[in-house]
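Here's the structure, in structure tokens; my notes come after.
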């Protein structure tokens, strides 16, 4: 009963996560903000480094220092998923790493196709690090006939007209869009119609996929350049 | 006096920004967390889109909806820089866009060189969008003699041995590192010694630059892939 009552309060923590309710106080679903989700991969990377360094346990204070995030923020973030620390004992590094991996859906292999085998597409195909996290690039597609049959790190470049047949035969979880922005919308809609559930969009354009069942993650490289610019200007002043 | 008193409190808002003090209550410097800085480019992009749509004024509620961030979070973020809204009047879109641009240091042109003219380096050189924000790619460098004298979008590829002379002659604000990770540390240290104040690091390795005066921004493409994976798995469950 007390538990139910606690849940009935609309909880507003940092970054606007909250719990939604049906009338009667039954929690519908815990909404976790994308701001929290943006931090989770950083925890995962940091913990991976700690494992590589042979560290078995870390206090929330040390983790906080390492992550440049307050200990309270870390606790709040992890509490979204049930919390993983024991008061006074800190965190078990390997356990936390594995649990966060599960939260991020890294327990299974995600097959990726890259649509657009230009410089960026080929650069992504060359990132071996993705495989470490279970992301496996299985094919590239392009319309340039000169690229037909070529490979990048052993991964074949196919012609775009082979896409439909390929997607029927292979399990494709994620499509990376690395082609010119003018074609991105048409291709994205087509990919969604083929049943590909997720699009990793590098095309620097907002995709119009309102009525489609597809998850989109837009990559904005200029955002990180602006962060750099901010720090550069601030550094100059100090 | 009231103002001074207000500043004397250690203010702890979301994302761990705070104000530090000398004994006696004089604010030393306002520390703004990188989490805030990560959101600022998104405000900037969003406001740019609003301008393109011809919108002159926006309520904090509408901006909040558009950004998927709470109105209170937006207020807190902007208050770090003095705040820009008038209670009840919302935000002047163009003014806010320009002010955030200044905060991000976008008022001046930042010259960029790209070290590593492989697929990723060439892909970056092809991003015309960077110029819109004042980031101008002025040269690429590589060790591959086959690339010597070639151009990408009119930007010349130089040999690495020309780097020192180039940096002495030209103003270089940012170096993008897009070469293999094994060489990244050596090159990064050399770039810092040449006086280049900022490194945009794609080499997927933590650079060891402890005693150097250089600002580093690491790009982790796998982070955004993990966010996508989280949303994909969550979407499947719901």
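Protein chains in written order, with this note's numbering: chain A, 231 to 468; chain B, 231 to 468. A virtual CB, placed ideally from N, CA and C, is assigned to each residue, including glycine. Computed from a predicted structure; not experimentally measured.
What does residue 453(A) touch in chain B if you count any residue whose Cβ is under 8 Å from its own? Within chain B, the C-beta atoms nearer than 8 Å to that of residue 453(A) come from 268, 271, 272 and 275, in chain order.
Give me whichever residues DSSP pairs with residue 447(B) in a beta bridge. 430(B)
Closest Cβ-Cβ distance between residue 357(A) and chain B: below 9 Å? yes
Which one of 265(B), 272(B) and 271(B) has the shortest CA to CA distance from residue 269(A)? That would be 265(B), whose Cα lies nearest to the Cα of residue 269(A).
Once the 5 residues before and after residue 292(A) are set aside, which same chain residues still bring their CB inside 8 Å of it? If the five residues before and after residue 292(A) are omitted, its C-beta is found closer than 8 Å to the C-beta atoms of 320, all from its own chain and listed in chain order.
Using CA coordinates, which residue listed in 388(B), 349(B), 399(B) and 324(B) is at the minimum distance from residue 373(B)? 388(B)
In three-state terms, what does DSSP make of residue 272(B)? helix
Chain B beta carbons: is any one of them nearer than 9 Å to that of residue 376(A)? no
By Cβ distance, which residues of its chain are closer than 8 Å to residue 422(A), with the 5 residues on each side in sequence left out? 429, 439, 442, 443 and 444
Please confirm whether residue 281(A) has its beta-carbon closer than 9 Å to some beta-carbon of chain B. It does not; no Cβ of chain B falls within 9 Å.
For residue 457(A), does the count of other Cβ atoms within 10 angstroms reach 16, so buried, or fall short, so exposed? buried
Tell me residue 389(B)'s beta-bridge partners as DSSP assigns them. 372(B)
Alpha-carbon spacing of residue 305(A) relative to residue 327(A), whole angstroms: 15 Å
DSSP state of residue 296(B) mapped onto helix, strand, coil: Annotated three-state conformation of residue 296(B) is helix, per DSSP.
Less than 9 Å between the C-beta atoms of residue 434(B) and residue 450(B), yes or no? yes
Can you give me the Cβ contacts of residue 246(B) inside the same chain, cut-off strictly under 8 Å, excluding the 5 residues immediately before and after it? Note that residue 246(B) scores 28 on pLDDT, short of 50, meaning its location in the model is unreliable and no value can be drawn from it.
Roughly how many angstroms separate the alpha carbons of residue 255(A) and residue 309(A), rounded to a whole number? Here the model assigns residue 255(A) a pLDDT of 36, short of 50, so the residue's position is not dependable, and the following value carries that caveat. Straight-line Cα distance between these residues: approximately 20 Å.
Can you tell me whether residue 459(A) is buried or exposed, with buried defined as 16 or more other CB within 10 angstroms of its CB? buried
Ignore the nearest five residues each way along the sequence and tell me which others in residue 446(A)'s own chain have a CB closer than 7 Å to its CB. Taken in chain order, the residues that qualify are 429, 431, 437 and 439.
Answer with buried or exposed for residue 352(B), where buried requires no fewer than 16 other C-beta atoms within 10 angstroms of its C-beta. buried
In the DSSP output, which residue or residues are listed as bridge partners for residue 404(B)? The partner list for residue 404(B) (beta bridge, DSSP) reads 342(B) and 428(B).
Give the residues from the stretch 310-335 of chain B that approach chain A closer than 8 Å (Cβ to any Cβ), ordered along the chain. Within the stretch 310-335 of chain B, the qualifying residues are 333, 334 and 335.
May I have the straight-line CA-CA distance separating residue 283(B) from residue 452(A), to the nearest angstrom? 21 Å
Cβ separation of residue 271(A) and residue 334(A), assumed to be a contact under 8 Å, to the nearest whole Å: At roughly 7 Å, the Cβ-Cβ gap stays under 8 Å, so residue 271(A) and residue 334(A) are in contact.
Under the assumption that residue 358(A) contacts residue 406(A) (Cβ atoms under 8 Å), give the Cβ distance between them as a whole number of angstroms. The pair is not a contact, with the Cβ atoms about 15 Å apart (cut-off 8 Å).
Please tell me whether residue 461(B) has its Cβ less than 9 Å away from any Cβ of chain A. yes
Taking Cβ-Cβ distances below 7 Å as the criterion, which residues of the stretch 284-304 of chain A are in contact with chain B? If the cut-off is 7 Å between Cβ atoms, the stretch 284-304 of chain A has 298, 299, 300 and 303 near chain B.
Got a sec? Which residues, its chain only, sit under 7 Å from residue 383(B) by beta carbon, not counting five neighbours each side? 355 and 356
Using the beta-carbon of each residue, which ones in chain A are nearer than 9 Å to residue 402(B)? Neighbours of residue 402(B) on chain A: none; closest Cβ ~12 Å, over 9 Å.
Between residue 323(B) and residue 287(B), which are expected to be in contact by the criterion C-beta below 8 Å, what is the C-beta distance as a whole number of angstroms? 6 Å
Between the Cα of residue 403(A) and those of 370(B), 455(B), 329(B) and 397(B), spot the shortest distance and give me the residue it belongs to. Of 370(B), 455(B), 329(B) and 397(B), the residue nearest in Cα terms is 455(B).
For residue 365(B) and residue 424(A), what's the separation of their Cα atoms in angstroms? 38 Å
The alpha helix (DSSP H) enclosing residue 355(A), as first and last residue numbers: 349-355
What number of angstroms, rounded off, separates the C-alpha of residue 369(A) from the C-alpha of residue 285(B)? Residue 369(A) and residue 285(B): Cα-Cα distance of roughly 42 Å.
In DSSP terms, what residue 466(B) is bridged to: Looking at the DSSP assignment, residue 466(B) forms no beta bridge with any residue, so it has no partner.
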